[in-house]
Amino acid sequence: MANKKVIAVFGATGAQGGSVARALLDAKHFTVRALTRDVTKPSALALKDLGAEVKKCDLDDEVSLVTALKGVYGAFLVTNFWEYLDQEREVRQGKLVADLSKRLGLKHVVFSGLEHVHKLSGGKLTAPHFDGKGEVEEYFRSIAVPMTSVRMPFYFENFHGGLKPAKASDGDYYTLVLPTGDVPLPGISIADIGVIVSNIFNSPEEFIGHDLNLGAEALTVKQYAEILSKGLGKDIRDSKITPEAFEKLSIPQAKGVADAFRFTLKNPERDFELTKRLNPKVRSFQQFVSESIEAFKNI
Ligand code: NAP
Numbered sequence: 019m020a021n022k023k024v025i026a027v028f029g030a031t032g033a034q035g036g037s038v039a040r041a042l043l044d045a046k047h048f049t050v051r052a053l054t055r056d057v058t059k060p061s062a063l064a065l066k067d068l069g070a071e072v073k074k075c076d077l078d079d080e081v082s083l084v085t086a087l088k089g090v091y092g093a094f095l096v097t098n099f100w101e102y103l104d105q106e107r108e109v110r111q112g113k114l115v116a117d118l119s120k121r122l123g124l125k126h127v128v129f130s131g132l133e134h135v136h137k138l139s140g141g142k143l144t145a146p147h148f149d150g151k152g153e154v155e156e157y158f159r160s161i162a163v164p165m166t167s168v169r170m171p172f173y174f175e176n177f178h179g180g181l182k183p184a185k186a187s188d189g190d191y192y193t194l195v196l197p198t199g200d201v202p203l204p205g206i207s208i209a210d211i212g213v214i215v216s217n218i219f220n221s222p223e224e225f226i227g228h229d230l231n232l233g234a235e236a237l238t239v240k241q242y243a244e245i246l247s248k249g250l251g252k253d254i255r256d257s258k259i260t261p262e263a264f265e266k267l268s269i270p271q272a273k274g275v276a277d278a279f280r281f282t283l284k285n286p287e288r289d290f291e292l293t294k295r296l297n298p299k300v301r302s303f304q305q306f307v308s309e310s311i312e313a314f315k316n317i
C-alpha cells in the first residue's frame, strides 16, 4: 500500500468521481486520495471505509489544492458547472488544477471535459456547461500537462431525476422531454465510467493527449421511451418537444442545454468500441433500466 502511486480524485462524493474512486479502489493498482469539501459527509466516510485516503479540498482554494495534489502521480478532475451555474468559475477552477498539475509535476490527469460548442459551431451555439470544459481542455494542452479528456455523454441516470418521465396532463401516460427527435442520442450509465477511467490510468502511453468521446450506445427518444415502457410497465412516450420549445422551458440554463442538444445531434460520433474495450461490462440502456427499477419509483 505504502509504495503504490497516488491518484487524487475530485468530485469523489459525487456521481463521476464516486464511480472513479470505487473502480480505482477495486482495481488496487493505485492509492486513492478522495477529495471533498466536507470529509464528514456519509459519502466521504463510505470511501474511507473502502480504503481511500479522504482529504478536504475546495477547487476555489489554492492552498487546499496544493495540499491535495502534492506527491500524487495523477488526478481525476471533474468540475461541477451545475453547482454554481457559472462558466467563468468552472474555467477558473479547471485552469487552477491545470497550473498546479504542471507545477507539481503530475504524470497523468484524466479530465472530464466536453466540446467547446461555441467555438466548434462558429459562434452559432452557446452551451456554458460544455464551453467552459472545452476551454479547460485547451488550457491543459497549451501548458503541456499530460492529460486525457474523457467526454461523457448524456447520463442514463438523468432519467431517474432531472429528465424523469413526466406525467401527462391529459391521460394515463408519461412523456420524455428530450428534444432529440429521430437522431440517436448517445448515453452511458455513469456507474460504468469508473472502470473506464481506471483502465485509462493503467495505460498512460496509449491515452495521454487524447480526447475520448465515450458512450455505451445511442438511442432515439422513441427507443428510450420504448425500453422504459417495457422495463417499468408504464406507458412512456416521446413528448416530441423541439429544441425551440425546450429552450423556453423554465429550467436552469434551458437555452444552453437546448444548444448542447443541437450540437450533439449534429456531432453524435462516439467511440462505442473503445468504451466497450475499456469497460467490457458497460451496460446497455435496457440493462440499466432493469437494474435500477427502484430508482424510478418516484415517477
Ligand atoms: P455530482 O454528482 O453533483 O457531484 C459533484 C461533485 O463536485 C461533488 O463530489 C462535490 O464534492 C464536487 N464539488 C463541487 N464543487 C466543488 C468545489 N468547489 N470544490 C471541490 N469539489 C467540489 O456531479 P457529477 O455528475 O459527478 O459531475 C457534474 C458534472 O458532470 C457537471 O459539470 C456536468 O456538466 C457534467 N456532465 C453531466 C452530464 C449529464 O448527463 N448529467 C453529462 C456529461 C457531463 P463535495 O460536495 O463533497 O465537496
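Residues in the sequence shown are numbered from 19 upward in steps of one, following the numbering used here. Cβ atoms here follow ideal geometry from the backbone N, Cα and C, with glycine treated the same way. Quick caveat, the model's predicted, so the values are computed rather than measured.
Beta-carbon gap between residue i and residue j smaller than 8 angstroms
{"i": "S225", "j": "T166", "result": "As written in the sequence, residue 225 is Phe, which differs from the Ser given in the question. Taking 8 angstroms as the Cβ cut-off, F225 and T166 qualify as a contacting pair."}
{"i": "F290", "j": "E235", "result": "yes"}
{"i": "F99", "j": "H147", "result": "yes"}
{"i": "A52", "j": "L65", "result": "yes"}
{"i": "A276", "j": "D256", "result": "no"}
{"i": "T198", "j": "V163", "result": "no"}
{"i": "V72", "j": "T54", "result": "yes"}
{"i": "G212", "j": "S37", "result": "yes"}
{"i": "Q34", "j": "I245", "result": "no"}
{"i": "V50", "j": "L95", "result": "no"}
{"i": "V300", "j": "D229", "result": "no"}
{"i": "L43", "j": "L83", "result": "no"}
Contact test: residue i Cβ vs ligand 1 heavy atom, cutoff 7 angstroms
{"i": "A41", "result": "no"}
{"i": "Y173", "result": "yes"}
{"i": "I105", "result": "Residue identity check: residue 105 is Gln in the sequence provided, not Ile. Checking the Cβ of Q105 against ligand 1 gives no."}
{"i": "F129", "result": "no"}
{"i": "G320", "result": "Absent from the model: residue 320. The displayed extent of the chain is 19 to 317, so no value can be given."}
{"i": "L77", "result": "yes"}
{"i": "L132", "result": "yes"}
{"i": "E101", "result": "yes"}
{"i": "D56", "result": "yes"}
{"i": "K182", "result": "no"}
{"i": "G35", "result": "yes"}
{"i": "F303", "result": "no"}
Chain-order list of residues whose beta-carbon lies under 6 angstroms from that of residue i (same chain, five-residue window excluded)
{"i": "L250", "result": "F314"}
{"i": "I214", "result": "L296, N297"}
Close beta carbons around residue i, own chain, < 8 angstroms, minus the five adjacent residues each side
{"i": "T58", "result": "none"}
Other residues of its chain near residue i: CB distance less than 7 angstroms, five sequence neighbours each side excluded
{"i": "A45", "result": "S216"}
{"i": "K113", "result": "V154, Y157"}
Bridge partner(s) assigned by DSSP for residue i
{"i": "N231", "result": "R169"}
Counting beta carbon pairs with one atom in the region 300-309 and one in the region 155-172, are three or more of them shorter than 8 angstroms? no
Would you call the region 124-142 and the region 254-269 touching, i.e. three or more CB-CB distances under 8 angstroms? no
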